[in-house]
Structure formats: C-alpha cells, structure tokens
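J.: Throughout the sequence shown, residue numbering follows our numbering, covering 691 to 1067 in sequence.
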Amino acid sequence: MTHPRFKALLDLVPAPGAQPGWDRIEAELGPFAHRMEACPQDPRHHSEGCVLVHTRMVVDALVSDPAWAGREAKDRERLFWAAVLHDIGKPATTRIEEDGSITSRGHSRAGAAIAREFLRAHRAPFHWREAICGLIASHQLPFWLIERDTGSRLAIETSWTCNSADLCLHAQADARGRVCEDKEDLLTRIALAKALFEEERCFGERRAFANDASRIEWAMRGDRDPDYAAHEDYSCTALMMSALPGSGKDSWIAANMPDLPVVSLDDIRLEMGVGATDNQGRVIQEARERARAHLRAGQDFIWNATNITRQIRTPILSLFRDYGARTRIVYIEVDDDRLRTQNTGRAAAVPGHVMDKLAAKLEPPTLLEAHQVDFIV
691 MTHPRFKALL DLVPAPGAQP GWDRIEAELG PFAHRMEACP QDPRHHSEGC
741 VLVHTRMVVD ALVSDPAWAG REAKDRERLF WAAVLHDIGK PATTRIEEDG
791 SITSRGHSRA GAAIAREFLR AHRAPFHWRE AICGLIASHQ LPFWLIERDT
841 GSRLAIETSW TCNSADLCLH AQADARGRVC EDKEDLLTRI ALAKALFEEE
891 RCFGERRAFA NDASRIEWAM RGDRDPDYAA HEDYSCTALM MSALPGSGKD
941 SWIAANMPDL PVVSLDDIRL EMGVGATDNQ GRVIQEARER ARAHLRAGQD
991 FIWNATNITR QIRTPILSLF RDYGARTRIV YIEVDDDRLR TQNTGRAAAV
1041 PGHVMDKLAA KLEPPTLLEA HQVDFIV
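Written as structure tokens, this is what we have:
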C-alpha cells in the first residue's frame, strides 16, 4: 500500500504534455525551496540566477523532452524527482571565493544525502529512493567524463550506482535548463559520455562481470581488466551487518544465523566498560582481533555493528578479503516510526538527536563493496 506522504510526491509528477505545478512542488519542498531560492550561482555557468530558478528550468526541460514522455510512468516519476532534488545540496556547499567566483564543490554528494533524508521522511520505497540518490550523486559526471584518463573505469563504476541512460537524460535537462555560453559544448560532452557508456557495454545497464569475485577484484584493483574471470575460492564467509541502531540487526541474526559466532561491537563495549560516546579505539582493535581468529580458522562469522557509511565498511571488508573470505553485507532498514519504537525498547537506546545525526550520514552499501549484498527493507 502506498504511503500517503509518498503518494503526495507522485501526485506532483505531471502527465506528458502537462506543466509542473510549482506552487505545490515548492510547498512540498518546504524550507529546502527557500534555501534554494536564496542560494546564488556563478553567472559564468548559471546566468539564469538562483538554484531554485535553475531547478525549475531543468524540470521544465525534462518534462518537455519526448524521451521523458516516452518512458513508463515509474521511470518518469523517478526522473522527475531526481530533477527537482538534483541541486538540493548547493545551499549547504556554496561558497564565494576571494576572486568573487561562486563554487558549490561537493554539492552532488551532499545533495544525495539530503535527498535521502527528504525521501525517507516521505516514505519513498527504498530502491526508488536510492535510484534517485544515485543519480544526484553522479549528476555532473556526464559533463566531464570524457576528460578523465580513468573515464572508462568511471563509466563502469557508475553503471553499478545508477542507471547511466537515466543519468544522460537528466544531464541533458540540466544543460538545457540554464543560461550559459557553453551549453552546446555541454550537450556534446553528454553525447560523448553516452558513447563511452555504450562502448563499455553499460549504457542503461550494469556492466556485466564474469562472477562476483571478478566484480570485487575489479572494484578494488585499479589495474584489473573488467573482462577478467577471477577464480572463486573462499576460505569462509564474513557477513557484515549494516543498519541504523534499532533496525533489528540482532533479531535478524537470531532468526537467520543463530549458530554463527558474532563479533559484536556492542558486546565488546559492555565487556570493556566503554561508552558509546567514548574513544572506540580499543573496541575496534579487539573486534578486529576476534575477526582475525575466525578468518585464520576459516570459520564463517558475523561482524555486527551499524556500519552505515562506506568509509566505515571499507577497511573492515578489506580485512576480510585479505584472508580470502567471501564478503556479504546484510543491510536492514525500517521506517522511522518503527525505528524509533524499536530503539526506545533497547537496553541501550540511542538518544534522538544522535539518531538524527546517524540518519543524516546513512549510506546504504552497493555491490561494488561486497560479493553479496542483501537488502532487508
């Protein structure tokens, strides 16, 4: 059943040939619309004015594109909201340099995080939401992809984090929805980016790999040929849990993997008398030593902690691979109401303001991180 808050978003998507209702869209955006209206842009690239004016122009360009009109309704909805939210990160990242130029470096990644919170609050389905966040995180890539020496690798990598056909369609609207002198150059760059995606066999689809090991070895080694068929021979499986506190990690383990040994950071904190806000160095060191013992023994085990960002997950997964383990991530997500209720019922409940900070950092895993990723949402 579609949640009323999510339905409100879908109801704002115009039918092909109709115009967006901007008063209603901005009302749904709330304070974000006001921040975008107050956010300036460098006139060399955006003579049209503020971020909100640019956003309106991008959305108008998108819905007037026959390619958008020809898509299925679910695709139009996703692309529409990606366009509405694509620069939502600019107010938080815009700076005026000493020479008077305006920069918003890092707004794509920041925007993906802000859009995730916005869409999560609107009860958007997980995979629909993450498809939009993937587009926002990479929305500038078609403008500069062909200039990079690593363009082919970036094209393949991007195909595993967002749909490259959607990305190029969005980029065309982004280029057309602005006033600048280099618009035709931007459109040429997008066409060349599309050609590169096609050349790397990942336009509108994920680049295929021979097997899971080939995908992970390619992702972790810059010199690996994407067509290389890696040998799959693992010493054990190391399973990493990933979820906000109170999502039900322990319950999932008890119901699905009750016999596997668990390296739990919460348990180690209790044993050591270390608080959640204390320095975690000793806890992490002890957890890694326990993980090494299982890895050396070739014993399947579970690493149980929040692991909500890629930065946190990467070194732990690297440790697992160093011992020849097959890596698996189980990501769990529940809606905010259930999350708050379950967190309150825990023995060590996380304070609400801390939970808000953690939710703002949330970065679900991708298949470029582990051999297997399961989403329990």
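Yeah, the Cβ is synthetic: ideal placement off N, Cα and C, and Gly gets one too.
Can you tell me the Cα-Cα spacing of Pro1005 and Met747, whole angstroms?
T.: Distance between the alpha carbons of Pro1005 and Met747 is about 42 angstroms.
J.: Starting from Arg932, trace the beta strand (DSSP E) in both directions and tell me its first and last residue.
T.: Here residue 932 turns out to be Ser, not Arg, going by the sequence shown. Ser932 -> beta strand (DSSP E) spans 927 to 932.
J.: Taking only the alpha-carbon atoms, compute the straight-line gap between Ser925 and Gln989 and give it to the nearest angstrom.
T.: Those two C-alpha atoms are separated by around 8 angstroms.
J.: Can you name, in chain order, every residue of its own chain whose Cβ lies under 6 angstroms from the Cβ of Phe899, other than the five neighbours on each side?
T.: Excluding residues within five positions, the ones whose Cβ falls inside 6 angstroms are Arg905.
J.: Please classify Val973: does DSSP put it in a helix, a strand, or coil?
T.: In the structure shown, Val973 sits in a helix (DSSP, three-state: H, G or I).
J.: If I measure Cβ to Cβ from Trp942 and keep anything under 8 angstroms in the same chain, skipping five residues before and after, which residues do I get?
T.: Correct list, in chain order: Met931, Val1020, Ile1022, Ile1066.
J.: Taking just the CA atoms, how far does Arg959 sit from Val973?
T.: Distance between the alpha carbons of Val973 and Arg959: 6 angstroms.
J.: Starting from Gln1062, follow its DSSP beta bridges and name the residues at the other end.
T.: For Gln1062, which the question treats as bridged, DSSP gives the partners Arg1018.
J.: Would you kindly report the start and end of the unbroken alpha helix (DSSP H) that includes Ile778?
T.: Element bounds for Ile778: n/a, residue is neither H nor E.
J.: According to DSSP, what are the bridge partners of Thr675?
T.: Only positions 691 to 1067 of the chain appear in this structure, which leaves residue 675 out of reach.
J.: Does DSSP put Ile906 in a helix, in a strand, or in coil?
T.: Note: Ile906 maps to helix in three-state DSSP.
J.: Mind the definition here: the segment 818 to 828 touches the segment 773 to 783 only if three or more C-beta pairs lie below 8 angstroms; say whether that holds.
T.: Segments in contact, yes.
J.: Going by the beta-carbon positions, is the gap between His812 and Leu702 smaller than 8 angstroms?
T.: No, Cβ-Cβ distance for His812 and Leu702 is not below 8 angstroms.
J.: Which residues does DSSP pair with Phe991 in a beta bridge?
T.: Partner(s): Ala928.
J.: Rounded to a whole number of angstroms, what is the C-alpha to C-alpha distance between Gly867 and Gly938?
T.: Spanning the two alpha carbons is a distance of roughly 44 angstroms.
J.: By the three-class DSSP mapping on this structure, what secondary structure does Ser754 have?
T.: Three-state result, Ser754: coil.
J.: Whole angstroms are fine: how far does the CA of Pro948 sit from the CA of Val741?
T.: Rounded to the nearest angstrom, the two C-alpha atoms are 51 angstroms apart.
J.: Are the beta-carbon atoms of Asn994 and Leu955 separated by less than 8 angstroms?
T.: Yes, the pair counts as a contact, with Cβ atoms nearer than the cut-off.
J.: Specify, as a first and last residue, the run of the alpha helix (DSSP H) that Val703 falls within.
T.: First-last for Val703: undefined, no H or E at that position.
J.: Between Ala772, Gly971, Asp1012, Leu1052, which lies nearest to Asp864 when the distance is taken from Cα to Cα?
T.: The option with the nearest alpha carbon to Asp864 is Ala772.
J.: Please report how far the alpha carbon of Gly707 lies from the alpha carbon of Thr996, in whole angstroms.
T.: If you take the alpha carbons of Gly707 and Thr996, they lie about 45 angstroms apart.
J.: Tell me the DSSP bridge mates of Ser954?
T.: Ser954 pairs with Asn994.
J.: Can you give me the Cβ contacts of Thr692 inside the same chain, cut-off strictly under 8 angstroms, excluding the 5 residues immediately before and after it?
T.: Leu700.
J.: Just to confirm before moving on: does the CB-CB distance between Pro832 and Arg879 stay below 8 angstroms?
T.: Yes, they are a contact pair.
J.: When the Cα atoms are used, what is the spatial distance from Thr840 to Glu787?
T.: Taking the straight line from one Cα to the other gives about 29 angstroms.
J.: Comparing C-alpha positions only, which one of Trp834, Val1024, Ile992 sits nearest to Phe1010?
T.: Checking every option, the nearest Cα to that of Phe1010 belongs to Ile992.
J.: Check each candidate in Pro704, Leu835, Gly1035, Asp750 and name the one with the smallest Cα separation from Gly936.
T.: Measuring from the Cα of Gly936, the nearest candidate turns out to be Gly1035.
J.: For Thr783 and Ala944, I'd like the C-alpha separation in whole angstroms.
T.: Their Cα atoms are separated by approximately 43 angstroms.
J.: Does DSSP classify Cys729 as helix, strand or coil?
T.: The answer is coil: DSSP assigns Cys729 none of H, G, I, E or B.
J.: Taking the continuous alpha helix (DSSP H) assigned at Val1040, which residues delimit it?
T.: Neither: Val1040 is in no alpha helix (DSSP H) and is coded neither H nor E.
J.: Give the DSSP-derived three-state secondary structure of Glu890 in the structure shown.
T.: Reduced to three states, the DSSP call for Glu890 is coil.
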